[in-house]
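A.B. asks:
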Amino acid sequence: MELLKIKVADFEGPFDLLLHLIKKNKMDIYNVEIYKITNQYLESLNEMKEMDLEITSEFVVIAATLIEIKSKKLLPKVKEEEEENEEDIEKRLMEKLIEYKKFKGVSEFFKERYTSAGEVYSKKPEVIEEVEKPEEKVVESFEDIFKNITLLDLYNIYNRILENYREKQNVANVVQKRIYVDKYKIEDKMNTLIKKFENDEVVEFSSIMMESECKMETVVTFLAVLELIKIRVIKVYQEDNFGNILMKRRRENE
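Residues 838 to 1091, numbered by this note's numbering, are exactly what the sequence shown covers, in order.
Printed below as a string of structure tokens:
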């Protein structure tokens, strides 16, 4: 998945490429206005129909690294420790970049494996019965093989072969998976949760989570709760320390 593209002074392209050029001293960190990058990032988030956790997490890592580089350049340094500190920082940042590339490569590997899994066809197990080997007969010519065999006999043999083949096939051709693509959506869960608060009801967080049928639904429900809190539709509180987490819809003046 392609990372966020940004546009700043003297540069336009992928975010991770900007970090690479700065580390190689091909761009001056002083010319990079981080607040502009952040604004572009927030604009791209608003344009997204669904939150992409891969893009958001990568941005946080790279932006934090840029801030660290720039802050180190702006802070005054003791001359005796300057060279040693710069080498340590450069080494540490390079290790982070290498580690990031490793995870990026692994994610692409698993993506390819997931795609190729759809091209695998399963086969039903079968019992191979031992058949007594008939006595070998000497065939003098090709005509002897089809001697006394009619077209109807050949047709029946062909049908038996097809029938045996169909029995051994996985007719459904379905590979069971535990990941249900797009079965649960955050927006749908948000609407479902809002209906629970129509009559100013107080709902326990644990009761909502217990309604989930699988881990995927649990995660989506949790994200939907966080989103409702973020947009100030509901409020979350506890009456006692370590007590049940309670949720209630906010009033207009709250």
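In this text, a Cβ means the ideal position worked out from N, Cα and C, and glycines have one as well.
Because the structure is a prediction, the values reported are computed rather than measured.
1) According to the neighbour-count rule (16 or more other Cβ atoms, all chains shown, within 10 Å of its Cβ), is Lys1022 buried or exposed?
2) Distance check for Arg950 and Tyr1074, CA to CA, integer angstroms please.
3) Could you check whether Ile1071 and Arg1088 sit closer than 7 Å to each other, using their CB atoms as the reference points?
4) Could you please give the first and the last residue of the uninterrupted alpha helix (DSSP H) stretch that includes Lys1022?
5) Is DSSP giving Val1070 helix, strand or coil here?
6) If Glu1064 sits next to Met1027, beta carbons under 8 Å apart, how far is it from one beta carbon to the other, in whole angstroms?
7) For Arg1069, which residues of its own chain have a beta-carbon under 7 Å away from its beta-carbon, when the five flanking residues on both sides are left out?
8) Let me know the secondary structure DSSP gives Arg1086 once reduced to three states.
9) How many angstroms separate the CA atom of Asn876 from the CA atom of Asn883?
10) Judging by CA-CA distance, which residue of Met1084, Lys941, Leu1060 and Lys1052 is the nearest neighbour of Glu1035?
11) Just mark Ile1045 as buried or exposed, buried being the case when its beta carbon has 16 or more other beta carbons within 10 Å.
12) Could you round the C-beta distance between Val1057 and Leu1030 to whole angstroms and report it? I think they count as a contact, below 8 Å.
13) On the three-state DSSP scale, how would you describe Val1039?
14) Distance, Cα to Cα, Asn1001 vs Glu1041?
15) Since Asn1081 and Ser1043 are thought to touch, with beta carbons under 8 Å apart, how far apart are those beta carbons, to the nearest angstrom?
16) Between the alpha carbons of Lys1020 and Thr1055, how many angstroms are there, rounded?
17) Note down, in chain order, each residue of its chain lying with its Cβ closer than 7 Å to the Cβ of Leu1060, except the 5 sequence neighbours on either side.
C.D. replies: Let me lay it out:
1) exposed
2) 44 Å
3) no
4) It is not in any alpha helix (DSSP H) - Lys1022 carries neither H nor E in the DSSP assignment.
5) Secondary structure at Val1070: coil, using DSSP grouped into helix, strand and coil.
6) A Cβ-Cβ distance of about 6 Å is found for the pair Glu1064 and Met1027, placing them in contact under the 8 Å criterion.
7) Arg1087
8) strand
9) Their Cα atoms are separated by approximately 11 Å.
10) Met1084
11) Result: buried.
12) Contact flag wrong, Cβ pair sits at about 11 Å.
13) The DSSP-derived three-state label of Val1039 is coil.
14) Cα to Cα, Asn1001 sits roughly 57 Å from Glu1041.
15) Going by Cβ atoms, the distance from Asn1081 to Ser1043 rounds to 6 Å, so yes, they are a contact pair.
16) 12 Å
17) Ile1023, listed in sequence order.
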